[in-house]
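**Q** Take the sequence shown: its position 184, counted from the start at 1, is 250 in this note's numbering, and no numbers get skipped.
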Amino acid sequence: MDVIGWLMEGDPSIRWQVQRDLLDRAESTWKRERAQLARRGWGADLLARQDVDGGWSGAVYSPKWTSTHYTLLQLVRLGLAPSHPAGRPAVDKLLTAGRYENGSLNLAKTVPVADGCVNGMVLLMASYFGTPGPIPDGIASWLLTRQMADGGWNCEDWRGATHGSFHTTISVLEGLEAYRLARPAEAEKAADAVAAGREFLLVHRLYKSHRTGDVADPVFTRFSFPPRWHYDVLRGLDYLAAVDAGQDPRIEDAIDLVNSKRRDDGTWVLQHPHTGRLHFRMEQGGKPSRWNTLRALRVLKWWSQAG
67 MDVIGWLMEG
77 DPSIRWQVQR
87 DLLDRAESTW
97 KRERAQLARR
107 GWGADLLARQ
117 DVDGGWSGAV
127 YSPKWTSTHY
137 TLLQLVRLGL
147 APSHPAGRPA
157 VDKLLTAGRY
167 ENGSLNLAKT
177 VPVADGCVNG
187 MVLLMASYFG
197 TPGPIPDGIA
207 SWLLTRQMAD
217 GGWNCEDWRG
227 ATHGSFHTTI
237 SVLEGLEAYR
247 LARPAEAEKA
257 ADAVAAGREF
267 LLVHRLYKSH
277 RTGDVADPVF
287 TRFSFPPRWH
297 YDVLRGLDYL
307 AAVDAGQDPR
317 IEDAIDLVNS
327 KRRDDGTWVL
337 QHPHTGRLHF
347 RMEQGGKPSR
357 WNTLRALRVL
367 KWWSQAG
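Take a look at the structure:
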């Protein structure tokens, strides 16, 4: 099977990333393809559903997954151009809907304190679409105060959690990386925290107990897209590839896991669609997944070239 050809038969959101990450096409080429995702396919479908006030479904965070928060996050995963006019109003919708305390944003109606996972995702979206002003700076600074002794983050810290959470940690790391790209001078303050957060993943070999070596949660070994707020090994590896982390022997188990899931035809399946309300379904669970195949090949390419 010609896997690259099969990927290129997919949605524009797949094709532009194949061109950039697997085929090393010129920036002008993949940017032209990326522009198509706002005109047809999944990206255009999501954009057509946007409310006149910039949000989606008349909702901020819930229901999952059709609210403003998760729809915009999905568009970021698809790769909507950061300059697209739909992005900034949606971010503004999020930033004006929540409650602020010490720089953090609380979008929940029933939880009394801000959530590190949510703030990491909001920082990702605000930074990606270039939202100006002190709010992203405040969120980034607040996240630094919530880091745990083991280098991770945990949205249950206010309930007494003392160990980092894979779910929260990956969302915070992705948010801080987007913040670094958008505001490199301001993000310098986060360098040590980011290094400690990556070390948290490495100490756990991306999915194992640091004490026993057992799989921390079997769901981490099942690859899903979009990941929403959930962690899995492929999401963790895709982050390390995106930041061009160097080779570390503690990553090898995770790479072996990815290789073990490759089918004979060279594809990976969608293993664990997260339940919830959808605008539409991009792929079927248990079937070959262009998203997982793209991301797995991207990770394996990075690993083979990492110094």
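All C-beta atoms in this analysis are idealised placements derived from N, C-alpha and C, irrespective of residue type, glycine included.
Out of curiosity, what's the CA-to-CA distance linking residue 287 and residue 298?
**A** Locating residue 287 in the sequence shown gives position 221, where the first residue counts as 1. Locating residue 298 in the sequence shown gives position 232, where the first residue counts as 1. So the two alpha carbons sit approximately 6 Å from each other.
**Q** Quick one: Cα of residue 104 to Cα of residue 142, how far?
**A** Residue numbering aside, residue 104 sits at position 38 when the sequence shown is read from its first letter. Residue numbering aside, residue 142 sits at position 76 when the sequence shown is read from its first letter. Their Cα atoms are separated by approximately 12 Å.
**Q** Determine the contact status of residue 266 and residue 337, defining contact as a CB-CB distance below 8 Å.
**A** On the sequence shown, residue 266 is found 200 positions in, with the first residue counted as 1. On the sequence shown, residue 337 is found 271 positions in, with the first residue counted as 1. No; because the gap between Cβ atoms is not below 8 Å, this pair is not in contact.
**Q** What separation, rounded to the nearest whole angstrom, lies between the Cα atoms of residue 200 and residue 189?
**A** Within the sequence shown, residue 200 is the residue found at index 134, counting from 1. Within the sequence shown, residue 189 is the residue found at index 123, counting from 1. Cα to Cα, the separation comes out at about 12 Å.
**Q** Nearest to residue 153 by alpha carbon, out of 303, 198, 129, 233?
**A** Within the sequence shown, residue 153 is the residue found at index 87, counting from 1. Minimum Cα distance to residue 153 is reached at 198.
**Q** Could you give the distance in angstroms between the alpha-carbon of residue 220 and the alpha-carbon of residue 67?
**A** Stepping through the sequence shown from its first residue, residue 220 is reached at position 154. Stepping through the sequence shown from its first residue, residue 67 is reached at position 1. Straight-line Cα distance between these residues: approximately 42 Å.
**Q** So, residue 204 versus residue 214, is the Cβ gap smaller than 8 Å?
**A** For the purposes of this step, residue 204 is identified with residue 138 of the sequence shown, where counting begins at 1. For the purposes of this step, residue 214 is identified with residue 148 of the sequence shown, where counting begins at 1. Contact flag unset, no.
**Q** Is the beta carbon of residue 145 closer than 8 Å to that of residue 79?
**A** Here residue 79 refers to the residue found at position 13 when the sequence shown is read from its first residue. Here residue 145 refers to the residue found at position 79 when the sequence shown is read from its first residue. Yes, Cβ-Cβ distance for residue 79 and residue 145 is below 8 Å.
**Q** Can you tell which of 245, 89, 321 has its C-alpha closest to the C-alpha of residue 272?
**A** The sequence position of residue 272 within the sequence shown is 206, counting from 1. Residue 272 has its Cα closest to that of 321, out of 245, 89, 321.
**Q** Have a look at 356, 224, 132 and flag the residue whose alpha-carbon is nearest the alpha-carbon of residue 111.
**A** The residue labelled residue 111 in the question sits at position 45 within the sequence shown. Among 356, 224, 132, the Cα nearest to that of residue 111 is on 132.
**Q** Verify whether the separation of the beta carbon atoms of residue 123 and residue 187 is less than 8 Å.
**A** Residue numbering aside, residue 123 sits at position 57 when the sequence shown is read from its first letter. Residue numbering aside, residue 187 sits at position 121 when the sequence shown is read from its first letter. Their beta carbons are not under 8 Å apart, which means residue 123 does not touch residue 187 by this criterion.
**Q** On the three-pair Cβ rule with 8 Å, is the segment 301 to 310 touching the segment 345 to 358?
**A** The answer is no - the segment 345 to 358 does not touch the segment 301 to 310, with fewer than three Cβ pairs under 8 Å.
**Q** Taking the beta carbon of residue 211 as the centre, do at least 16 other beta carbons fall within 10 Å, making it buried, or is it exposed?
**A** Within the sequence shown, the letter at position 145 stands for residue 211. It is exposed - the Cβ of residue 211 has fewer than 16 other Cβ atoms within 10 Å.
**Q** With a threshold of 6 Å on Cβ separation, who are the neighbours of residue 292 within its own chain once the five nearest residues in sequence on each side are excluded?
**A** As a working mapping, residue 292 is identified with position 226 in the sequence shown. These residues qualify, in order along the chain: 140, 143.
**Q** Could you check what DSSP says for residue 161 in three-state terms: helix, strand or coil?
**A** Numbered from its first residue, the sequence shown carries residue 161 at position 95. Correct three-state label for residue 161: helix.
**Q** Could you tell me which residues DSSP puts in a beta bridge with residue 220?
**A** Here residue 220 refers to the residue found at position 154 when the sequence shown is read from its first residue. DSSP output for residue 220 lists no bridge partner at all.
**Q** Terminal residues of the continuous beta strand (DSSP E) containing residue 171?
**A** On the sequence shown, position 105 is the one that residue 171 refers to. Its beta strand (DSSP E) spans residues 170 to 172.
**Q** Identify the continuous alpha helix (DSSP H) that holds residue 80 and give its terminal residues.
**A** Along the sequence shown, one-based indexing puts residue 80 at 14. 78 to 83 is the extent of the alpha helix (DSSP H) around residue 80.
**Q** Whole angstroms is fine: what's the gap from residue 264's alpha carbon to residue 256's?
**A** Walking along the sequence shown from the start, residue 264 turns up at place 198. Walking along the sequence shown from the start, residue 256 turns up at place 190. Using only the alpha carbons, I get a separation of about 12 Å.
**Q** Would you say residue 170 and residue 180 are within 8 Å of each other, going by their C-beta atoms?
**A** One-based indexing of the sequence shown puts residue 170 at position 104. One-based indexing of the sequence shown puts residue 180 at position 114. Closer than 8 Å, so yes.
**Q** Would you call residue 358 buried or exposed, if buried means 16 or more other Cβ atoms sit within 10 Å of its Cβ?
**A** Within the sequence shown, numbered from 1, the residue matching residue 358 stands at position 292. By the 10 Å Cβ count, residue 358 comes out buried.
**Q** Ignore the nearest five residues each way along the sequence and tell me which others in residue 182's own chain have a CB closer than 8 Å to its CB.
**A** Within the sequence shown, numbered from 1, the residue matching residue 182 stands at position 116. Cβ neighbours of residue 182 beyond the five flanking positions: 209, 212, 219, 220, 221, 223, 234, 237, 238.
**Q** Give the C-beta separation of residue 195 and residue 129 to the nearest angstrom, bearing in mind that I take them to be a contact with Cβ-Cβ under 8 Å.
**A** Looking up residue 195 in the sequence shown gives position 129. Looking up residue 129 in the sequence shown gives position 63. Not confirmed; about 23 Å, so no contact.
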